[in-house]
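Here the sequence shown stands for residues 486 to 912, numbered as in this note's numbering. Structure record follows, encoded as structure tokens.
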Amino acid sequence: MFTVMIVVFVIGYACIALEHPLGINKTATALLLGTLMWVFLTYMEPAVASIDHHLIEHLGETAEILFFLLGAMTIVEIIDTYGGFSMITDRINTRKKSTLLWVISLLTFFMSAVLDNLTTAIVMVALLRKLIADKHDRWFYAGMVVLAANAGGAWSPIGDVTTIMLWVAGKISATNIIAMAFLPSLISMIVPLAILSFTMKGNVQRPESGNNYSCYADLSTRQKSLVFCMGVGALLFVPVFKTVTHLPPYLGMLGGLGLLWIVTEIMHRRDPKCQVERLAITNILTRIDTPSILFFLGILMAVAALQTGGQLGMLSASLDSIPMEEPNKYYFITIIIGILSAIVDNVPLVAGAMGMYSFPMDHYFWEFLAYAAGTGGSILIIGSAAGVAVMGMEKIDFIWYLKRISWLALVGYLAGCIIYIAQRAFF
486 MFTVMIVVFV IGYACIALEH PLGINKTATA LLLGTLMWVF LTYMEPAVAS IDHHLIEHLG
546 ETAEILFFLL GAMTIVEIID TYGGFSMITD RINTRKKSTL LWVISLLTFF MSAVLDNLTT
606 AIVMVALLRK LIADKHDRWF YAGMVVLAAN AGGAWSPIGD VTTIMLWVAG KISATNIIAM
666 AFLPSLISMI VPLAILSFTM KGNVQRPESG NNYSCYADLS TRQKSLVFCM GVGALLFVPV
726 FKTVTHLPPY LGMLGGLGLL WIVTEIMHRR DPKCQVERLA ITNILTRIDT PSILFFLGIL
786 MAVAALQTGG QLGMLSASLD SIPMEEPNKY YFITIIIGIL SAIVDNVPLV AGAMGMYSFP
846 MDHYFWEFLA YAAGTGGSIL IIGSAAGVAV MGMEKIDFIW YLKRISWLAL VGYLAGCIIY
906 IAQRAFF
């Protein structure tokens with residue numbers, strides 16, 4: 486069953502990649518894959534001890550991501566419904582494709598360091614929908630949002646789940662990871678951005694303003710600003726909540742959503758029925774992309790089965806047996822881990838590396854691992870939480886991303902690796 490699980494995972498992964506040619510929704514494939522992987526795990530010889538315990542443990546970890554995603558998507562949808570994003574889009578006057586690409590990418594890069602790559606990707610896709618009408622033009626910008634969000638999260642101790650793992654475990658310090666990973670992360674975004682900006686000519690077409698929001702046309706500027714500031718404040722509060730309370734980030738996100746919900750309920754107590762129904766959070770929740778959340782559930786549980794079954798541990802052990810001298814050996818291992826994180830979730834890969842090595846705090850391996858695991862996931866659209874969220878929201882085709890964005894992400898990733906190694910050699 487050990488080998489069967491690997492084969493089934495590869496087949497399921499291929500079906501997800503070939504979603505459009507096969508005509509089978511990737512969410513259905515992911516859910517079936519996640520279920521089958523755990524079924525096969527129960528028949529492994531020798532059987533994995535306390536399979537129920539492992540299942541509940543991984544389901545809990547996955548649920549944290551799902552509830553975080555649900556809360557973030559709802560808050561962003563609330564801001565959008567109340568017209569809050571117009572406060573930003575109205576200030577972005579350029580329609581030149583290349584200039585807009587730089588503005589969006591740099592904004593995403595620095596926002597991701599303050600929020601996290603998943604939340605930032607969700608916010609930026611909502612902004613793109615207000616700025617770009619053509620779907621395929623928007624896909625290029627969404628692809629750069631994935632690259633920029635992952636790059637921005639890699640150099641911040643609170644920007645990516647794997648960086649948070651290393652920071653909380655005492656493997657890296659906040660000041661050192663910022664100092665050593667900032668430049669490689671920036672280069673990993675700048676290189677693809679520069680290449681892509683040469684190919685993007687002309688101007689973007691803005692979406693036409695419809696009357697979809699006629700029910701809230703009478704909202705005051707004060708009400709719109711209040712919802713916008715509270716929504717953004719709730720997103721920004723999450724890393725603060727995590728640092729102060731040491732509780733999981735999803736609790737902070739759900740708490741912010743609850744507070745925003747209460748404020749909007751009070752705000753519309755005496756409003757006309759049409760406006761209340763249109764702006765009610767219960768109505769807004771029906772527009773959340775549930776298939777994307779279920780896709781997350783399926784793919785993460787499938788990877789968790791590989792972690793529990795020992796396949797990922799075997800992969801880590803085989804990497805450690807590479808006959809090379811230090812530091813080149815660990816540079817090479819880390820680069821491979823980064824590339825593998827585009828295929829397999831980076832969280833179990835980093836967790837496996839943390840269990841295998843006992844290097845001191847701020848050792849170059851941990852710094853490089855934070856960069857590689859954070860940015861390597863951009864090579865495939867389902868290689869990171871940000872990529873999966875963007876894929877679901879914009880319905881981006883896996884093969885389209887593979888043909889047009891993956892090679893840019895790989896070039897940027899390798900350029901950042903070279904910069905980090907050179908940085909260590911000289912400084």
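Don't be surprised by glycine CBs; every beta carbon is placed ideally from N, CA and C.
Stretch-stretch touch, CB-based, cutoff 8 Å, three pairs: the region 834 to 850 with the region 596 to 606: no
Three-state secondary structure assigned by DSSP to K581: Counting from 1 along the sequence shown, the entry for residue 581 is found at position 96. The answer is strand: DSSP assigns K581 an E or B state.
Would you identify the three-state DSSP class for N688, choosing helix, strand or coil? Counting from 1 along the sequence shown, the entry for residue 688 is found at position 203. The answer is strand: DSSP assigns N688 an E or B state.
Shortest alpha-carbon distance to S583 belongs to which of G901, M685, Y528? The residue you call residue 583 lines up with position 98 of the sequence shown. Nearest C-alpha to S583: M685.
Apart from the five residues just before and just after R580, which ones in its own chain have a Cβ nearer than 6 Å to its Cβ? Position 95 of the sequence shown, counting from 1, holds the residue named residue 580. Correct list, in chain order: N688, V689.
CB of A639 within 8 Å of CB of A871, strictly: As a position in the sequence shown, residue 639 is number 154, starting the count at 1. As a position in the sequence shown, residue 871 is number 386, starting the count at 1. Against a cut-off of 8 Å, the Cβ pair of A871 and A639 comes out as no contact.
Span of the alpha helix (DSSP H), counted from its first residue to its last, around W765: Here residue 765 is taken as the residue at index 280 of the sequence shown, counted from 1. In the sequence as presented, Trp is not what sits at residue 765; that position holds Ala. From DSSP, A765 is part of no alpha helix (DSSP H); its letter is neither H nor E.
Taking the alpha-carbon positions, what's the V896 to M752 distance? Here residue 896 is taken as the residue at index 411 of the sequence shown, counted from 1. Here residue 752 is taken as the residue at index 267 of the sequence shown, counted from 1. Going by the C-alpha atoms only, they are around 50 Å apart.
What separation, rounded to the nearest whole angstrom, lies between the Cα atoms of S914 and V492? With the chain running from 486 to 912 in the structure shown, residue 914 is simply not present.
Round the Cβ separation of E879 and A627 to the nearest angstrom and send it over; I've been treating them as touching at under 8 Å. In the sequence shown, residue 879 corresponds to position 394, counting from 1. In the sequence shown, residue 627 corresponds to position 142, counting from 1. Contact between E879 and A627 holds: CB atoms are separated by about 5 Å, below the 8 Å threshold.
When you compare only the Cα positions, how much space is there between E546 and R623? Residue mapping note: residue 546 aligns to position 61 of the sequence shown, counting from 1. Residue mapping note: residue 623 aligns to position 138 of the sequence shown, counting from 1. Between E546 and R623, the C-alpha separation is close to 32 Å.
Alpha carbon to alpha carbon, what distance is there between E562 and C700? Within the sequence shown, numbered from 1, the residue matching residue 700 stands at position 215. Within the sequence shown, numbered from 1, the residue matching residue 562 stands at position 77. Residue confidence is low: C700 scores 48 on pLDDT, short of 50, so the model does not pin down where it sits. Its coordinate-derived value is still stated next. Straight-line Cα distance between these residues: approximately 16 Å.
Between the beta-carbon of S863 and the beta-carbon of A894, is there less than 8 Å? Position 378 of the sequence shown, counting from 1, holds the residue named residue 863. Position 409 of the sequence shown, counting from 1, holds the residue named residue 894. For S863 and A894, yes; Cβs fall inside 8 Å.
Pull up the distance between the alpha-carbon of G859 and that of I866, whole angstroms please. As a first step, residue 859 must be located in the sequence shown, where it is residue number 374. As a first step, residue 866 must be located in the sequence shown, where it is residue number 381. Roughly 13 Å separates the two Cα atoms.
According to DSSP, is Y856 helix, strand or coil? Numbered from 1 along the sequence shown, position 371 holds the residue referred to as residue 856. Helix.
Closest by C-alpha distance to G861, when choosing among Q796, W892, P845, L736: Reading the sequence shown from its first residue, position 376 is the one you call residue 861. Checking every option, the nearest Cα to that of G861 belongs to W892.
Tell whether a beta-carbon distance below 8 Å holds between L678 and W587. The residue given as residue 678 occupies position 193 in the sequence shown. The residue given as residue 587 occupies position 102 in the sequence shown. Contact flag set, yes.
Under 8 Å by Cβ, that's how I've got S673 and A636 pegged, so tell me the actual separation to the nearest angstrom. Here residue 673 refers to the residue found at position 188 of the sequence shown. Here residue 636 refers to the residue found at position 151 of the sequence shown. Going by Cβ atoms, the distance from S673 to A636 rounds to 5 Å, so yes, they are a contact pair.
Alpha carbon to alpha carbon, how far is T647 from L591? On the sequence shown, position 162 is the one that residue 647 refers to. On the sequence shown, position 106 is the one that residue 591 refers to. If I take the Cα positions, the gap works out to 22 Å.
Do R691 and A802 have their C-beta atoms within less than 8 Å of each other? Translated into positions along the sequence shown, residue 691 becomes position 206. Translated into positions along the sequence shown, residue 802 becomes position 317. Not a contact, by the Cβ cut-off of 8 Å.
Compute the Euclidean distance between the alpha carbons of I773 and M558, then round it to the nearest angstrom. For the purposes of this step, residue 773 is taken as residue 288 along the sequence shown, with counting starting at 1. For the purposes of this step, residue 558 is taken as residue 73 along the sequence shown, with counting starting at 1. Whole-angstrom Cα-Cα distance: 7 Å.
Can you tell me where the alpha helix (DSSP H) holding G877 begins and where it ends? Taking the sequence shown and counting its residues from 1, one reaches residue 877 at position 392. Run containing G877: 870 to 879, per the alpha helix (DSSP H) assignment.
Count the other C-beta atoms from every protein chain shown that fall within 10 angstroms of the C-beta of N697, then say buried if there are 16 or more, exposed otherwise. On the sequence shown, residue 697 is found 212 positions in, with the first residue counted as 1. Note that N697 has pLDDT 47, beneath the 50 cutoff, so the model's placement of it is unreliable and no number is given.
Check whether the Cβ atoms of S713 and I564 lie closer than 8 Å to each other. Here the question's residue 713 lines up with position 228 in the sequence shown. Here the question's residue 564 lines up with position 79 in the sequence shown. The question names Ser, but residue 713 is Phe in the sequence shown. Against a cut-off of 8 Å, the Cβ pair of I564 and F713 comes out as a contact.
Just how far apart, CA to CA, sit V676 and A900? Stepping through the sequence shown from its first residue, residue 676 is reached at position 191. Stepping through the sequence shown from its first residue, residue 900 is reached at position 415. Rounded to whole angstroms, V676 to A900 spans 8 Å at the Cα level.
Figure out for me which residue from I560, T520, F525 has the closest Cα to the Cα of L544. As a position in the sequence shown, residue 544 is number 59, starting the count at 1. Of the candidates I560, T520, F525, the one whose C-alpha sits nearest the C-alpha of L544 is T520.
Which of the three DSSP states is assigned to E811 in this structure? As a first step, residue 811 must be located in the sequence shown, where it is residue number 326. It is coil, neither helix nor strand.
Please determine if the region 727 to 736 and the region 548 to 555 are in contact, where contact requires at least 3 C-beta pairs separated by less than 8 Å. Under the Cβ criterion (8 Å, minimum of three pairs), the region 727 to 736 counts as touching the region 548 to 555.
Say whether chain D places a C-beta atom closer than 8 Å to the C-beta of N661. The displayed structure is made up of one protein chain only, and chain D is not part of it.
Could you give the first and the last residue of the continuous alpha helix (DSSP H) run that contains W523? Along the sequence shown, one-based indexing puts residue 523 at 38. Run containing W523: 511 to 526, per the alpha helix (DSSP H) assignment.
Rounded separation between I509 and P812 - CA only: Within the sequence shown, residue 509 is the residue found at index 24, counting from 1. Within the sequence shown, residue 812 is the residue found at index 327, counting from 1. Rounded to whole angstroms, I509 to P812 spans 45 Å at the Cα level.
Exposed unless 16 or more other CB atoms sit within 10 angstroms - verdict on S656: By one-based count along the sequence shown, residue 656 stands at place 171. Going by the sequence as given, residue 656 is Lys instead of Ser. So K656 ends up on the buried side.
Counting only the same chain and skipping the five closest in sequence on each side, list residues whose C-beta sits under 6 Å from that of S777. To locate residue 777, count along the sequence shown from 1; it is residue 292. Result list for S777: G877, in chain order.
Less than 8 Å between the beta carbons of M715 and L739, yes or no? One-based indexing of the sequence shown puts residue 715 at position 230. One-based indexing of the sequence shown puts residue 739 at position 254. No. Outside cutoff.
Backbone CA spacing between I890 and R755 [nearest angstrom]: In the sequence shown, residue 890 corresponds to position 405, counting from 1. In the sequence shown, residue 755 corresponds to position 270, counting from 1. Computed Cα separation, rounded: 49 Å.
F667 to L720, Cα distance in whole Å? Translated into the one-based positions of the sequence shown, residue 667 becomes position 182. Translated into the one-based positions of the sequence shown, residue 720 becomes position 235. So the two alpha carbons sit approximately 23 Å from each other.
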